[in-house]
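**Q** Structure below; questions to follow.
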Amino acid sequence: AQKVTQAQTEISVVEKEDVTLDCVYETRDTTYYLFWYKQPPSGELVFLIRRNSFDEQNEISGRYSWNFQKSTSSFNFTITASQVVDSAVYFCALSESKDYKLSFGAGTTVTVRA
Amino acid sequence: EAQVTQNPRYLITVTGKKLTVTCSQNMNHEYMSWYRQDPGLGLRQIYYSMNVEVTDKGDVPEGYKVSRKEKRNFPLILESPSPNQTSLYFCASGRKTSGGQETQYFGPGTRLLVL
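This is the structure:
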């Protein structure tokens, strides 16, 4: 069975600090997909990134970066120079090749203080 | 604008009164699904559909029905709502390709309160 663990329940930082969110996953599939979604206080789920299991290249998008390491089954997310607008719940999710179901982690609540 | 829409966004109802939450996407996606989000339980899949007239149960299907008569629409039906169905509901859609999964996009959510 697939499983996603986000060990950090809450993280609080001061604006401009960097914050890294951990995500560890379990799957027996060799082909799978990893996602990060952001849920701001307004409640919607905003897609941030998708990675397939064959692409271990790290990615940077503005202040966001992702580190995918198959050897440790981790897909960590870093926000550089955090801003108050980054305050949200962030979810890591896994989907296996055989179906499209997203298995979500419990989420990490990030609070950025001015 | 590519999007997934849900209606209503907020709904208060009473136990036993049938209701439907609509979901529509304009991206011609084959795959659509419903999730519910509850404190402490996270997001769980209710039903999904791989294409028109093809639906299947997710992890928590009890008390729900769905239909997929058209590609763009995937309504969630609660025939006899109960208080334990009070939740935040999300519809999602994604493209089905031979090259692998693409991104799934979520609707804005529907907050349901069953009294």
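Chains A and B, in that order, give the protein sequences.
Just so we're aligned, residue 4 is where the first sequence starts under this note's numbering, counting upward by one.
Just so we're aligned, residue 2 is where the second sequence starts under this note's numbering, counting upward by one.
Using N, Cα and C, we set each Cβ at its ideal position, and we do this for glycine too.
1) I'd like to check one pair, PHE71(A) with LEU24(A): are the Cβ atoms closer than 8 Å?
2) Check this for me: beta carbons of ALA109(A) and GLN9(A), under 8 Å apart or not?
3) Applying the criterion that 16 or more other CB atoms from any shown protein chain within 10 Å of the CB defines a buried residue, is LYS104(A) buried or exposed?
4) Can you say whether SER137(A) is buried or exposed, counting buried as having 16 or more other CB atoms within 10 angstroms of its CB?
5) With 7 Å as the C-beta to C-beta threshold (strictly closer), list the residues of the region 45 to 64 of chain B near chain A in chain order.
6) Since THR6(B) and GLY95(B) are thought to touch, with beta carbons under 8 Å apart, how far apart are those beta carbons, to the nearest angstrom?
7) Along chain B, which residues have their Cβ under 7 Å away from the Cβ of ALA109(A)?
8) Measure the CB-CB distance between SER100(A) and TYR35(A) and report whether it falls below 8 Å.
9) Nearest to CYS95(A) by CA position, among ILE82(A), CYS26(A), GLY46(A), is which residue?
10) Flag this pair as yes or no: are the beta carbons of LEU97(A) and THR30(A) separated by less than 8 Å?
11) Can you give the beta carbon distance from LEU1(B) to VAL61(B), rounded, assuming they're within the 8 Å contact cut?
12) Kindly indicate the opening and closing residues of the beta strand (DSSP E) around CYS24(B).
13) With 8 Å as the threshold, decide whether the Cβ of PRO40(B) is near any Cβ in chain A.
14) Buried or exposed for GLN159(B), please, with buried defined as at least 16 other CB atoms from any protein chain shown within 10 angstroms of its CB.
15) Do you know how far the Cα of THR23(B) is from the Cα of LYS79(B)?
16) Measure how close the beta-carbons of VAL115(A) and VAL16(A) come, nearest whole angstrom, since I'm counting them as under 8 Å.
17) Would you give the residue range spanned by the beta strand (DSSP E) that PHE78(A) belongs to?
18) What in chain A is Cβ-close to PRO109(B), meaning under 7 Å?
19) Indicate whether at least one CB of chain A lies closer than 8 Å to the CB of PHE91(B).
20) Under the three-state reduction of DSSP, which class applies to ASN29(B): helix, strand or coil?
21) Go to ALA91(A), then tell me how far its beta strand (DSSP E) extends in each direction, as first and last residue.
22) Could you tell me the distance, in whole angstroms, from the CA atom of SER81(B) to the CA atom of TYR65(B)?
**A** Let me lay it out:
1) By 1-based counting over the first sequence, the position of residue 24(A) is 21. By 1-based counting over the first sequence, the position of residue 71(A) is 68. Their beta carbons are not under 8 Å apart, which means LEU24(A) does not touch PHE71(A) by this criterion.
2) The count along the first sequence starts at 1 and reaches residue 109(A) at position 106. The count along the first sequence starts at 1 and reaches residue 9(A) at position 6. Contact flag set, yes.
3) Your numbering for residue 104(A) matches position 101 in the first sequence. Residue environment for LYS104(A): buried (at least 16 other C-beta atoms within 10 angstroms of its C-beta).
4) What is shown of chain A runs 4 to 117, which leaves residue 137(A) out entirely.
5) Under the 7 Å Cβ criterion, the region 45 to 64 of chain B contributes GLN46, TYR49, GLY59.
6) In the second sequence, the residue the question calls residue 6(B) occupies position 5. In the second sequence, the residue the question calls residue 95(B) occupies position 94. The C-beta distance from THR6(B) to GLY95(B) rounds to 16 Å, too long to fall under 8 Å, and the pair is not in contact.
7) In the first sequence, counting from the first residue as 1, residue 109(A) sits at position 106. Listed along chain B are GLY43, each with a C-beta nearer than 7 Å to that of ALA109(A).
8) Walking along the first sequence from the start, residue 100(A) turns up at place 97. Walking along the first sequence from the start, residue 35(A) turns up at place 32. Against a cut-off of 8 Å, the Cβ pair of TYR35(A) and SER100(A) comes out as a contact.
9) The sequence position of residue 95(A) within the first sequence is 92, counting from 1. Of the candidates ILE82(A), CYS26(A), GLY46(A), the one whose C-alpha sits nearest the C-alpha of CYS95(A) is CYS26(A).
10) In the first sequence, residue 97(A) corresponds to position 94, counting from 1. In the first sequence, residue 30(A) corresponds to position 27, counting from 1. In this structure, LEU97(A) places its C-beta atom within 8 Å of the C-beta atom of THR30(A).
11) In the structure as shown, chain B starts at 2 and stops at 116, and residue 1(B) therefore has no counterpart that could be examined.
12) Mapped onto the second sequence, residue 24(B) falls at position 23. Here the beta strand (DSSP E) through CYS24(B) covers 20 to 26.
13) Walking along the second sequence from the start, residue 40(B) turns up at place 39. Chain A, which has no Cβ nearer than 8 Å to the Cβ of PRO40(B), makes this no.
14) Not covered by the structure: residue 159(B). The range shown for chain B is 2 to 116.
15) As a working note, residue 79(B) is residue 78 in the second sequence. As a working note, residue 23(B) is residue 22 in the second sequence. Per the sequence shown, residue 79(B) should be read as Leu rather than Lys. Roughly 11 Å between the two C-alpha positions.
16) The residue labelled residue 115(A) in the question sits at position 112 within the first sequence. The residue labelled residue 16(A) in the question sits at position 13 within the first sequence. Going by Cβ atoms, the distance from VAL115(A) to VAL16(A) rounds to 6 Å, so yes, they are a contact pair.
17) What you label residue 78(A) is simply residue 75 of the first sequence in a count that begins at 1. For PHE78(A), the uninterrupted beta strand (DSSP E) run begins and ends at 77 to 82, by DSSP.
18) Translated into positions along the second sequence, residue 109(B) becomes position 108. Within 7 Å Cβ-Cβ: GLU47.
19) As a first step, residue 91(B) must be located in the second sequence, where it is residue number 90. Yes, because at least one Cβ of chain A sits closer than 8 Å to the Cβ of PHE91(B).
20) The count along the second sequence starts at 1 and reaches residue 29(B) at position 28. DSSP places ASN29(B) in the coil class of the three-state scheme, outside both helix and strand.
21) Residue 91(A) sits at position 88 when you count from the first residue of the first sequence. Counting along the chain, the unbroken beta strand (DSSP E) around ALA91(A) starts and ends at 91 to 99.
22) One-based indexing of the second sequence puts residue 81(B) at position 80. One-based indexing of the second sequence puts residue 65(B) at position 64. Straight-line Cα distance between these residues: approximately 9 Å.
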